[in-house]
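K.L.:
Numbering (this note's numbering), first residue to last: 163 to 458. Sharing a structure here in structure tokens format.
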């Protein structure tokens, strides 16, 4: 039986790295991916233009995948607050179609959720800790987590809650890391939260772990993040140190000083003991992750 991989959101931050690793691995007879707003850079795979606000079932039927890694989402918390209908259609409704298809057709399904399903009052969250999102983006991701539990009868799925990812998008879409890197390089002011804590992880490292989960037999929930609790501000200082650049451009700010449409939890750091026991892929520290990006 041909091994056919579908990566949704292949031009996104995480998706672009998954596409690269899937192609490099040579494990798949076919690699397919979806795109919407950004034209893809990678060749040698099958690309499918997708507006997830419409039904994606015809595309799934055409591709007939044996494994789906689902990263496609409206992932900006502020955008989700502004565009709640779009956020629900993309993050929940479209994902529901994929879940139903995967369950009925015995397709291996790897879903990327988020640390923002937690309220941030505790920190060091394990897979068993109570969820309580504080913004609409987190609501949509938790709704899908519950949908997976309700609909999957084959148990051939993984829900990977991801920490905040850092690294360059391979399709040149600017993200938080680009803004920080360019600010340090040009000595332009960059404002970073110093009182919000995440378990930050190198994007490429996260993609490697997800590819392993796509191919192994692990089933259920797993936290996939870096081993350190760190603020964006401290991460910025760490990046400046490794690049031997002045850190004067980095300005620390508290949550209450920044206006945003969505509420942000204070500490959604995650316990990754299960991932460390389960995965063969080494999980990089922040220092290791930065060095690997710049080949230091």
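Ideal Cβ placement from N, Cα and C applies to all residues, glycine included.
Look at residue 384 and residue 316 and say whether their C-beta atoms are less than 9 Å apart.
P.N.:
Indexing the chain shown from 1 puts residue 384 at position 222. Indexing the chain shown from 1 puts residue 316 at position 154. Result no, Cβ atoms of residue 384 and residue 316 do not sit closer than 9 Å.
K.L.:
When we look at the beta-carbon of residue 459 and count the other beta-carbons within 10 Å, is it buried (16 or more) or exposed?
P.N.:
Because the chain in this structure spans residues 163 to 458, residue 459 falls outside the shown range and cannot be described.
K.L.:
Based on DSSP bridge pairs, tell me the residues matched to residue 429.
P.N.:
To locate residue 429, count along the chain shown from 1; it is residue 267. Answer is 359.
K.L.:
Nearest by alpha-carbon distance to residue 392: which of 326, 301 and 381 is it?
P.N.:
Reading the chain shown from its first residue, position 230 is the one you call residue 392. Answer by Cα proximity: 326.
K.L.:
Can you name, in chain order, every residue of its own chain whose Cβ lies under 8 Å from the Cβ of residue 420, other than the five neighbours on each side?
P.N.:
For the purposes of this step, residue 420 is identified with residue 258 of the chain shown, where counting begins at 1. Cβ neighbours of residue 420 beyond the five flanking positions: 353 and 355.
K.L.:
Is there a Cβ of chain B sitting closer than 9 Å to that of residue 255, yes or no?
P.N.:
Looking for chain B here will not work: only one protein chain is present.
K.L.:
Quick check on residue 116: does DSSP put it in helix, strand or coil?
P.N.:
Since the displayed the chain opens at 163 and closes at 458, residue 116 lies outside it and no answer follows.
K.L.:
Whole angstroms are fine: how far does the CA of residue 164 sit from the CA of residue 424?
P.N.:
Here residue 424 refers to the residue found at position 262 of the chain shown. Here residue 164 refers to the residue found at position 2 of the chain shown. Cα to Cα, residue 424 sits roughly 44 Å from residue 164.
K.L.:
To the nearest whole angstrom, what separates the beta carbons of residue 235 and residue 253, a pair I think is in contact under 8 Å?
P.N.:
Position 73 of the chain shown, counted from the start, is the residue given in the question as residue 235. Position 91 of the chain shown, counted from the start, is the residue given in the question as residue 253. The pair is a contact, with the Cβ atoms about 5 Å apart (cut-off 8 Å).
K.L.:
Determine whether the beta carbon atoms of residue 174 and residue 232 lie at a separation below 9 Å.
P.N.:
Indexing the chain shown from 1 puts residue 174 at position 12. Indexing the chain shown from 1 puts residue 232 at position 70. Cβ atoms of residue 174 and residue 232: not closer than 9 Å.
K.L.:
Are the CB atoms of residue 346 and residue 274 within a distance shorter than 9 Å?
P.N.:
Taking the chain shown and counting its residues from 1, the one referred to as residue 274 is at position 112. Taking the chain shown and counting its residues from 1, the one referred to as residue 346 is at position 184. Not closer than 9 Å, so no.
K.L.:
Looking at C-beta atoms only, is the number of pairs between the segment 302-320 and the segment 365-384 that lie closer than 8 Å three or more?
P.N.:
Yes, the segment 302-320 touches the segment 365-384.
K.L.:
Have a look at 369, 288, 251 and 307 and flag the residue whose alpha-carbon is nearest the alpha-carbon of residue 434.
P.N.:
In the chain shown, the residue the question calls residue 434 occupies position 272. It is 288.
K.L.:
Just to confirm before moving on: does the CB-CB distance between residue 297 and residue 242 stay below 9 Å?
P.N.:
As a position in the chain shown, residue 297 is number 135, starting the count at 1. As a position in the chain shown, residue 242 is number 80, starting the count at 1. In this structure, residue 242 lies closer than 9 Å to residue 297 by Cβ.
K.L.:
Quick check: the segment 436-450 against the segment 256-271, are at least 3 beta-carbon pairs closer than 8 Å?
P.N.:
The segment 256-271 is not in contact with the segment 436-450.
K.L.:
For the beta strand (DSSP E) holding residue 209, just list the boundary residues, first then last.
P.N.:
Taking the first residue of the chain shown as 1, we reach residue 209 at position 47. Residues 208-211.
K.L.:
Applying the criterion that 16 or more other CB atoms from any shown protein chain within 10 Å of the CB defines a buried residue, is residue 188 buried or exposed?
P.N.:
For the purposes of this step, residue 188 is identified with residue 26 of the chain shown, where counting begins at 1. It counts as exposed.
K.L.:
Taking 7 Å as the limit between beta carbons, can you name the residues of its chain near residue 422, skipping five residues before and five after?
P.N.:
For the purposes of this step, residue 422 is taken as residue 260 along the chain shown, with counting starting at 1. Closer than 7 Å at Cβ, skipping near neighbours: 240.
K.L.:
Would you list the residues sitting across from residue 328 in a DSSP beta bridge?
P.N.:
Within the chain shown, the letter at position 166 stands for residue 328. DSSP, once it has assigned bridges, lists 364 as partnering residue 328.
K.L.:
Would you kindly report the start and end of the unbroken beta strand (DSSP E) that includes residue 385?
P.N.:
Within the chain shown, residue 385 is the residue found at index 223, counting from 1. 382-386 is the extent of the beta strand (DSSP E) around residue 385.
K.L.:
Please list, in chain order, all residues of the same chain as residue 304 whose beta carbon is under 7 Å from its beta carbon, the five residues on each side excluded.
P.N.:
Taking the chain shown and counting its residues from 1, the one referred to as residue 304 is at position 142. 279, 293 and 295.
K.L.:
Counting only the same chain and skipping the five closest in sequence on each side, list residues whose C-beta sits under 7 Å from that of residue 339.
P.N.:
As a working note, residue 339 is residue 177 in the chain shown. Hits under 7 Å: 328, 329 and 330.
K.L.:
Kindly give me the distance between the Cβ atoms of residue 182 and residue 204, rounded to whole angstroms, as I take these residues to be in contact under 8 Å.
P.N.:
Here residue 182 corresponds to residue number 20 of the chain shown, with the count starting at 1. Here residue 204 corresponds to residue number 42 of the chain shown, with the count starting at 1. Yes, they are in contact, since the Cβ atoms of residue 182 and residue 204 sit about 7 Å apart, within 8 Å.
K.L.:
The beta strand (DSSP E) that contains residue 166, what's its start and end?
P.N.:
The sequence position of residue 166 within the chain shown is 4, counting from 1. Segment 166-170, the beta strand (DSSP E) holding residue 166.
K.L.:
Look up residue 274 in the DSSP assignment and give the residues it is bridged to.
P.N.:
In the chain shown, residue 274 corresponds to position 112, counting from 1. Its beta-bridge partners are 322.
K.L.:
If you reduce the DSSP assignment to three classes, tell me which class residue 181 lands in.
P.N.:
Within the chain shown, residue 181 is the residue found at index 19, counting from 1. DSSP places residue 181 in helix when its eight states are reduced to three.
K.L.:
Okay, do the segment 215-224 and the segment 397-404 touch, 3+ Cβ pairs below 8 Å being the bar?
P.N.:
At 8 Å Cβ cutoff, the stretches do not touch.
K.L.:
On a Cα-Cα basis, can you pick out the residue from 223, 193, 284 and 208 that is closest to residue 428?
P.N.:
Here residue 428 is taken as the residue at index 266 of the chain shown, counted from 1. Here the closest residue by C-alpha is 284.
K.L.:
By the DSSP assignment, the alpha helix (DSSP H) with residue 306 in it spans what residues?
P.N.:
For the purposes of this step, residue 306 is identified with residue 144 of the chain shown, where counting begins at 1. Unbroken alpha helix (DSSP H) run through residue 306: 298-313.
K.L.:
Looking only at its own chain, which residues have a Cβ that is under 7 Å from the Cβ of residue 200, when we skip the five neighbours before and after it?
P.N.:
Residue 200 sits at position 38 when you count from the first residue of the chain shown. So the list reads 173, 333 and 335, once near-sequence residues are dropped.
K.L.:
Is DSSP giving residue 294 helix, strand or coil here?
P.N.:
Reading the chain shown from its first residue, position 132 is the one you call residue 294. Correct three-state label for residue 294: coil.
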